[in-house]
Amino acid sequence: MAVEKERRVDNVNVKQRNIALVGIRIDDSGKEILKWALEEVAEEGDCVVVVHVCSTSYRALRSKSSLDRYLELYSEFCSSKKIELKGEVLKGNSVQGVLVKEAKRYNAMTIVVGVKNQRKLSLTLAKGCAKELPSTTDVLAIHRGNIVFRRSNHYQPPLAQKTSSEHSDGFSDKESELKPEESSVKSRELAETTGQEKRKISGRSLSLASVEVMDQKPGWPLLRTTSLATPMVHHQTRNISVVNWVMSLPERFPHHPNLSSQPSFCDKQLKDILKEINKWFSYDVLKIATSDFSSENMIGKGGCNEVYKGFLEDGKAIAVKILKPSVKEAVKEFVHEVSIISSLSHQNISPLIGVCVHYNDLISVYNLASKGSLEETLQGKHVLRWEERFKIAIGLGEALDYLHNQCSNPVIHRDVKSSNVLLSDEFEPQLSDFGLSIWGSKTCRYTIQRDVVGTFGYLAPEYFMYGKVSDKVDAYAFGVVLLELISGKTPISSDSLRGQESLVMWAKPMIEKGNAKELLDPNVSGIFDEDQFHKMVLAATHCLTRAATHRPNIREILKLLKGEDEVEKWVKKVEEDEDCFDDEVYPNLNTELHLSLAMLDVEDNDSVSVSSLERSNNSLFSSSSSSQELQP
């Protein structure tokens, strides 16, 4: 029954059951949000508190009976699932303030809200709640049955942009009317789907550990999406902004069923994959290693994940990631990530060294990198010597060659970036975070993915625009990392001059004009090898070939870097590729679109960072990490 603000709410024993707070507007969108929360979040014995916020006492009084009738629609469903459903109509000038207060009062484990159904998915409410609520509270924003924001690693949609004149709650008593021309444009969701094939967000991104990042930085990961753009490159698209253009594109899979409705992952599959893990840790051992999971040892935190650094009895440094599933898909994601990483064995890939299951907690244990991530090193106080940079390039290339060509089942990483390259004391690189990885195909040139995941600044054009996935997307991202090693710059920078925000856009004209040496990081130290430099520039150039059909694979690039192929052959190939065009060579609009979406989050001061969906994965497994970036 709905109760007014002044009425005392029944006490809830939070120790015995979880509480989910759902903010709604009493309309069809509210029904959609509540239905999703009851089906996907609430479990048997849980309590779901539905909150509707009104700006005046008069409206609150009128809405009370409406909410009672509204909740009656779900009484039978809740009874069958043994879920307690209660409603509140509260008066308040700030929807966010009311929801935060109620979430704290109930000690809610999860809060679910909606978004504005406009061209831009406005997420100010969800972000604001995430900022004010403790990290133990999972904050989700739902739009058309999909998660478009989640406070954990990964999940801030790229189209989020705060404006002072609008509320992003999607259910406050005040509604903003869409202009006629706006209502005719179909809103596209660049969002996370929670039940993709294999593992779309193992923990990132659930990517090795989802982390709440309060500090923003450019280069944040793109969320999973159920609808991606089909090619629509017409001249008239130049007359609208790239953001509005991408939102008007039709869905690639308009008739595909909602994956969230598919059967849940079976417990037997979890048990089967865990049986294959050779190394098991006892919970007590991990408690001792992390000083009873003390806050001082926490290096990453998100809605479903907590990551701690620790030391085993033999002095070995470890990163302990604890997944506390709040939705059904979390177990499936965990299993997919573990199934891939446990099948890999290479000196340049960060290994899974063990697992632990403690009640409902799924725990994975990894090595803790002593030097942190490549991103931290390039942007930090330590200056990498040239020989170290070249060593990292070779090591990362060998890791990718192993994934693509030497595994019994090929693996596509999909999130190759400097923050996911961890460094040992000897600056030996290890590729980490397989939260977005998928099994590759031995027979198909590429596959089409309904979701686009990864990090802006590293996304290959064919993947970003059309969802085409092959090992070539990793090759493209490897080219961006090579440019980072050469220049010391970040992939996306808000501090650069207009037109130079993208590292690729900044570097390409210099390379084409024969001024490649202008790319070199002025802070580089050590003995500079000009031959190695030219090989790295040439390798990066080929990796960044816009058409995937003309882009070399990693093995070919590795041969170039190692000097196993003649440089002259590759120089000639660059000249030939300049005249090659096919259906995968995209207009300049693609680059403009990519950059514009990437910069949206940089300009949104209220966002909960997604600088790596961006969960600080990099940081997650590095001893020098700070709780930023992982994601995604």
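Under this note's numbering, think of the first position of the sequence shown as 401, with each following residue one higher. Positions of the beta carbon are idealized from the N, C-alpha and C atoms, including for glycine. For clarity, every value in this text was computed on a predicted model and none was experimentally measured.
- In the structure shown, valine 685 adopts helical secondary structure according to DSSP, grouped into three states.
- Between isoleucine 957 and cysteine 943, the beta carbon gap of about 6 Å places them in contact (Cβ cut-off 8 Å).
- Under a 10 Å Cβ-count criterion, leucine 473 is classified as exposed, with fewer than 16 other Cβ atoms of the shown protein chains found around its own Cβ.
- Taking each of Val515, Thr537, Lys527, Ser535 in turn and checking the Cα distance to asparagine 546, the smallest one comes out for Val515.
- Between alanine 730 and leucine 712, the C-beta gap is not smaller than 7 Å, which leaves the two residues out of contact.
- Counting only the Cα atoms, valine 448 lies some 6 Å from leucine 421.
- Within a 10 Å sphere around the beta-carbon of tryptophan 786 sit 16 or more other beta-carbons, which makes this residue buried.
- Around the beta carbon of isoleucine 848, fewer than 16 other beta carbons lie within 10 angstroms, which makes this residue exposed.
- Annotation for lysine 721: the continuous beta strand (DSSP E) segment containing it runs 717 to 723.
- Here the C-alpha atom of glutamate 776 lies approximately 51 Å from the C-alpha atom of tyrosine 470.
- In chain order, Gln496 place their CB closer than 6 Å to the CB of glycine 528, counting only its own chain and leaving out the 5 sequence neighbours on each side.
- Annotation for histidine 942: the continuous alpha helix (DSSP H) segment containing it runs 930 to 943.
- Assigned with DSSP and collapsed to three states, proline 829 falls in strand.
- In this chain, alanine 508 is not harboured by any alpha helix (DSSP H), its DSSP state being neither H nor E.
- When the Cα atoms are used, leucine 485 and serine 429 turn out to be separated by approximately 18 Å.
- Contact check for glycine 423 against valine 513 passes: the beta carbons are separated by less than 7 Å.
- The count of Cβ pairs closer than 8 Å, one atom from the segment 762 to 769 and one from the segment 849 to 868, stays below three, leaving the stretches out of contact.
- With a beta-carbon spacing of about 6 Å, asparagine 748 and proline 829 fall inside the 8 Å limit used to define contacts.
- Around the beta carbon of leucine 461, fewer than 16 other beta carbons sit within 10 angstroms, so the residue counts as exposed.
- In this structure, DSSP gives tyrosine 708 an extended state, which the three-state scheme calls strand.
- The straight-line gap separating the alpha-carbon atoms of aspartate 931 and threonine 890 is approximately 24 Å.
- Ranking Ala793, Gly795, Ser832 by CA distance to the CA of valine 738 puts Ser832 first.
- Exposed is the label assigned to lysine 716, since fewer than 16 other Cβ atoms lie within 10 Å of its Cβ.
- Nearest to methionine 865 by alpha-carbon distance, out of Leu800, Ala939, Arg946, Ser841, is Arg946.
- Taking the Cα of glycine 492 as reference, the smallest distance to any Cα among Ser457, Asn760, Leu762 is reached at Ser457.
- If one requires a minimum length of 4 residues, the alpha helix (DSSP H) runs lying completely within the segment 747 to 816 are 774 to 779, 786 to 801, in chain order.
- Leaving aside the five residues that flank isoleucine 426 on each side, the residues in its chain whose CB is nearer than 7 Å to its CB run, in chain order, His452, Ser463, Ser466, Leu467, Tyr470.
- In this structure, the CA atom of threonine 855 is about 7 Å from the CA atom of aspartate 815.
- Around the beta carbon of arginine 505, fewer than 16 other beta carbons sit within 10 angstroms, so the residue counts as exposed.
- The beta carbon of valine 873 sits closer than 6 Å to those of Ala860, Tyr863, all from its chain and outside the five residues before and after it, given in chain order.
- If you compare the alpha carbons of Lys908, Val489, Asn705, Gly710 with that of valine 685, the shortest gap goes to Gly710.
- With a threshold of 16 other beta carbon atoms within 10 Å, tryptophan 680 falls short and is exposed.
- In the three-state reduction of the DSSP assignment, cysteine 844 falls in the coil class, being assigned neither a helical nor a strand state.
- A residue is called buried when at least 16 other Cβ atoms come within 10 angstroms of its Cβ; threonine 843 does not meet this threshold and is exposed.
- Residue pairing from DSSP leaves isoleucine 957 without any beta-bridge partner.
- Pairing leucine 796 with isoleucine 433, the inter-Cα distance amounts to about 43 Å.
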